[in-house]
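Structure first, commentary second.
Protein chains: 2
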Amino acid sequence: MSDDFAERIRSSGKRMTPQRELILRAVDTLGHATPEQLLAEVHKQSSAVNLSTVYRNLEVLEELGLVRHMHLGDRAPTYHSVGGPEHFHLICRGCEKVISVGPEAVEQFAARLQADFDFVPDIGHLTVFGSCADCRDAAT
Amino acid sequence: MSDDFAERIRSSGKRMTPQRELILRAVDTLGHATPEQLLAEVHKQSSAVNLSTVYRNLEVLEELGLVRHMHLGDRAPTYHSVGGPEHFHLICRGCEKVISVGPEAVEQFAARLQADFDFVPDIGHLTVFGSCADCRDAAT
DNA sequence: TTCCATGCAAACACTTTGCACCGTG
DNA sequence: CACGGTGCAAAGTGTTTGCATGGAA
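Chains as they are written, first to last, in the working numbering: chain U, 61 to 200; chain A, 61 to 200.
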């Protein structure tokens, strides 16, 4: 798996460095994480990585389509790896829970946007804010 | 209209100041604007408003439900007034065009999220990134 | 041996906060 | 005349960049 990544990186003229691999692995491990959190995760293995390296790599990895980011809060961008099929996220404002949802649930919606507005949505980047059942109950 | 707002503001223990009114009006005038752009708009009328006042007021106005914000780019939050019916936005990554869409187009999608995940989406905050017809053509 | 990648520190963009003064209600 | 609002400047966050050095291909 990492080897696939390594190959893909090299074939784009980039190089595979230890830092890059650590960061990639951290994205994979954490699921959804901010640059800062990724740095912390990486530091568990090796303290020899700088925050700016994290940023630079996330940028590169995103260009190559190996990771994606979304916005959890208004402040924090969070990165996740692009492993399986495309999916999008539901985020509960109450508990910050993240629910990953497969593409089936949006297909119809996407089709409608395309038909009505000639607009092709980027499903992988889609983040829907709202409230989950637990938090609605709690609020009552 | 501004009077309704003024009333609503006062009844929450807040006060109606000239700055607050100018900012509210600017949000209304500009449609979708960043704090900085709002300041610029306000300055057309009166230079006596500070950026931090803009921030503080947007916070208050959002609490009161008079304005909302969304995220156009990854960096800039943009505010718009809550005037008519609820709507959400499509944003083209290519040209940054913003398309406002009424709630009909999402109803079905929203219903599905609620049925399948017990999740109630916040339609007014929804922002869908993607690409518009023009930009897709250009890319080809 | 060539460039891409890295560390470090400084620069940046955006937002928040402390404090003294001002003005609405 | 009490208390919320404002301006100003300084301090935070989070992210980006310039430069010299290091290392993958």
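Beta carbons are placed, not taken as given, at the ideal position from N, Cα and C, and that holds for glycine.
>> Alpha carbons only, please: which of A/I183, A/F177 and A/L173 is nearest the one belonging to A/P163?
In response: Selected option, being the one with the closest Cα: A/I183.
>> Closer than 8 Å is the cut-off here; do at least three beta carbon pairs connect the region 152-170 of chain A with the region 150-164 of chain U?
In response: Fewer than three pairs of CB atoms, one per stretch, sit closer than 8 Å, so the region 152-170 of chain A makes no contact with the region 150-164 of chain U.
> Shorter than 9 Å from the beta carbon of U/L124 to some beta carbon of chain A?
Replying inline: Not closer than 9 Å to any Cβ of chain A, the Cβ of U/L124 fails to qualify, so no.
> Can you tell which of U/D176, U/L186 and U/F169 has its C-alpha closest to the C-alpha of U/L132?
Replying inline: For U/L132, the nearest C-alpha among the options comes from U/L186.
> Which same chain residues, not among the five before or five after A/C152, have their C-beta less than 6 Å away from its C-beta?
Replying inline: Closer than 6 Å at the Cβ level, and outside the excluded window around A/C152, lie S191, C192 and C195.
>> If I follow the unbroken beta strand (DSSP E) through U/S191, where does it start and stop?
In response: Bounds of the beta strand (DSSP E) holding U/S191 are T187 to C192.
> If U/R116 sits next to U/E122, beta carbons under 8 Å apart, how far is it from one beta carbon to the other, in whole angstroms?
Replying inline: With a Cβ gap of about 11 Å, U/R116 and U/E122 do not count as contacting.
> DSSP on A/T89, reduced to helix/strand/coil?
Replying inline: When secondary structure is reduced to three states using DSSP, A/T89 falls in the helix class.
> When the Cβ atoms of the region 97-110 of chain U are set against those of the region 140-150 of chain U, are three or more pairs found closer than 8 Å?
Replying inline: The region 97-110 of chain U vs the region 140-150 of chain U: no contact.
> Where does the unbroken alpha helix (DSSP H) through U/V166 begin, and where does it stop?
Replying inline: Counting along the chain, the alpha helix (DSSP H) containing U/V166 begins and ends at E164 to F177.
> For U/T138, is the classification buried or exposed, using 16 other Cβ atoms within 10 angstroms of its Cβ as the cut-off for buried?
Replying inline: Per the 10 Å Cβ criterion, buried.
> With distances taken between CB atoms, is the gap from A/T113 to A/Q168 smaller than 9 Å?
Replying inline: Not a contact, by the Cβ cut-off of 9 Å.
> Can you give the beta carbon distance from A/L90 to A/L126, rounded, assuming they're within the 8 Å contact cut?
Replying inline: 15 Å between Cβ atoms; not a contact.
> Anyone know if the C-beta pair for A/E96 and A/L111 falls short of 9 Å?
Replying inline: Yes, the pair counts as a contact, with Cβ atoms nearer than the cut-off.
> Among the residues of its own chain, which have a CB less than 7 Å from the CB of A/S160, if the five just before and after it don't count?
Replying inline: Answer for A/S160: H147 and H149, listed in chain order.
> Going along the region 137-165 of chain U in order, which residues come within less than 8 Å of chain A, judged by CB to CB distance?
Replying inline: Taken in chain order, the members of the region 137-165 of chain U whose beta-carbon sits within less than 8 Å of a beta-carbon on chain A are P137, L150, C152, R153, I159, V161 and A165.
> Would you say U/Q168 faces chain A, with C-beta separation under 9 Å as the test?
Replying inline: Yes, U/Q168 counts as interfacial toward chain A.
> If you count every other CB in all the chains shown that lies within 10 Å of the CB of A/T141, and 16 or more means buried, which is it?
Replying inline: For the sequence presented, residue 141 of chain A should be read as Ser rather than Thr. Buried, because 16 or more other Cβ atoms sit within 10 Å of the Cβ of A/S141.
> Looking only at its own chain, which residues have a Cβ that is under 8 Å from the Cβ of U/R68, when we skip the five neighbours before and after it?
Replying inline: Spatial neighbours of U/R68 in its own chain (CB-CB distance under 8 Å, excluding positions within 5 residues in sequence) are listed in chain order as L124 and L126.
> How would you write the range of the beta strand (DSSP E) that A/H140 sits in, first residue to last?
Replying inline: Unbroken beta strand (DSSP E) run through A/H140: P137 to S141.
>> Just checking: is the beta-carbon of A/H185 within a distance shorter than 9 Å of some beta-carbon in chain U?
In response: Interface residue, yes.
>> Any beta carbon of chain A sitting closer than 9 Å to that of U/D134?
In response: Yes, contact with chain A.
>> Would A/A86 and A/L98 qualify as a contact pair, given that the criterion is a beta-carbon distance under 9 Å?
In response: Note that the C-beta distance between A/A86 and A/L98 is below 9 Å.
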